[in-house]
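Participant:
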Amino acid sequence: QNWTRIGALAGNKENEEAGSHVSMSKTGSVVSCSKSTFLDGNVKGAVAVLEENEAEWNVVDTIISSHGNSSSFGASVSLSQDGKTFLAGAPSYNSSAGFFEFFARFG
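Numbered as in the working numbering, the sequence shown ends at 103 without a single skipped number.
1. How many Å lie between Glu52 and Thr58 at the Cα?
2. Using CA coordinates, which residue listed in Phe34, Lys80, Ala14 and Trp(-1) is at the minimum distance from Ser72?
3. Do Val43 and Ser28 have their C-beta atoms closer together than 8 angstroms?
4. From His63 to Ile2, what distance separates their C-alpha atoms?
5. Using the Cα positions of His17 and Ser30, report the straight-line distance between them to the nearest angstrom.
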């Protein structure tokens, strides 16, 4: 049995670290992927959410933590079975006190 690649997300910049943590919905039509992003000269952790639409994978959103400059946001990612809710952790935030956030997609 052979595996066939059906989608991918590659980082655009050095040290973006796209794909360090990934999660997939039960149906396999929604995936989340942690990566670093660069805003205002700062490195911030982010989570990209991709959705399959007619055999094409598209980034539907890139979420950045509401806790300011958190470079470890997305160090852990978990996507719900229906692909409408996920949580992302940032273990290095605030001298490694850490935090996590829940996100939901409505509509």
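No residue lacks a Cβ here, since even glycine has one placed at the ideal position from N, Cα and C.
Facilitator: This is what the structure holds:
1. Position 56 of the sequence shown holds residue 52. Position 62 of the sequence shown holds residue 58. Looking at the two C-alpha atoms, the distance is approximately 18 angstroms.
2. For this step, residue 72 is matched to residue 76 along the sequence shown. Nearest C-alpha to Ser72 among Phe34, Lys80, Ala14 and Trp(-1): Ala14.
3. Numbered from its first residue, the sequence shown carries residue 43 at position 47. Numbered from its first residue, the sequence shown carries residue 28 at position 32. Yes, Cβ-Cβ distance for Val43 and Ser28 is below 8 angstroms.
4. In the sequence shown, counting from the first residue as 1, residue 63 sits at position 67. In the sequence shown, counting from the first residue as 1, residue 2 sits at position 6. Between His63 and Ile2, the alpha-carbon positions lie close to 34 angstroms from each other.
5. The residue labelled residue 17 in the question sits at position 21 within the sequence shown. The residue labelled residue 30 in the question sits at position 34 within the sequence shown. Spanning the alpha carbons of His17 and Ser30 requires a straight line of approximately 5 angstroms.
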